[in-house]
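Accompanying notes for the structure given below.
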Amino acid sequence: MPAHTVRPLAPDDAAAYRALRLAGIAELPAAFCTTHAAESGLPLAQIAQRLQTTPYQIIFGTFKGEQLIAMAGLRREPIAVVHDKASLWGVYVAPQARGQGIGRQLLRAAIAHASSIPDLARLRLAVAQDNHAALTLYLACGFVLADEAASHGMLQMQLVLPRPAIATTQSNVFMKINTLQFLAK
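According to the numbering used here, the sequence shown is numbered sequentially starting from 217.
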């Protein structure tokens, strides 16, 4: 039985990624922010470019031998005001690979990567409220329901990363806010 390995996907994985993503969209269209027609119409070169790891995005894949059986994307916000947040997206485990802990292994890799980014403090995701398997997985990995209301059948979840974020630059703005005094009425 081949071992499962989790690694960042690379442009060379574009064909396998496309096939698994299309299978996910066909099975669970509400879980993806695109349509099968739109995704299948993308040139393979564009998909390969999506798989290029950047400081703001990485896509992990789980392989059983040479076969891609699960995937999850992690996208960090590039805007300075919200650079402490990242989104987990496009999570999908092929049906034949479910129930083996592969989703948990994949999420642990994404969470470990996010935890290694000094300024990143929180992960968030959206999940269909009727996707009980995904909800169970996310809750088991430490995600909690966010304060935001559900919309269009989707729940918002978040995870405070398992270590405090370490700011790489010092900001006097926070110091000034902390020293403000408000008069009681």
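Idealized CB from N, CA, C, for every residue including glycine.
Around the CB of Q312, fewer than 16 other CB atoms lie within 10 Å, so the residue is classed as exposed. Annotation: L225 to T278 spans about 9 Å, alpha carbon to alpha carbon. The residue from H348, C357, A254, T250 with its alpha-carbon nearest to that of G306 is T250. Contact between L323 and L290 is absent: CB atoms are separated by about 10 Å, not below the 8 Å threshold. Counting only the Cα atoms, D300 lies some 7 Å from E293. Look at A264 here: in three-state DSSP terms it is helix.
When only Cα atoms are considered, I295 and Y272 end up about 10 Å apart.
In the DSSP assignment, L371 falls within the beta strand (DSSP E) that extends over 370 to 376. 8 Å or more divides the Cβ of I274 from the Cβ of H348. Sixteen is the threshold: since fewer than 16 other Cβ atoms of the shown chains lie within 10 Å of the Cβ of L355, the residue is exposed. Between the alpha carbons of L351 and A232 lies a distance of about 26 Å. With respect to the 8 Å criterion, L304 and A288 are classified as neighbours on the basis of their beta carbons. In the DSSP annotation of this structure, S331 is not part of any beta strand (DSSP E); the continuous alpha helix (DSSP H) holding it starts and ends at 318 to 331. One Cα belongs to A219, the other to G281, and the distance between them is close to 6 Å.
Under the three-state reduction of DSSP output, H220 falls in the strand class. For G319, the closest of R340, S331, I285, A344 by C-alpha to C-alpha distance is I285.
For T278, the enclosing beta strand (DSSP E) has its first and last residue at 273 to 280.
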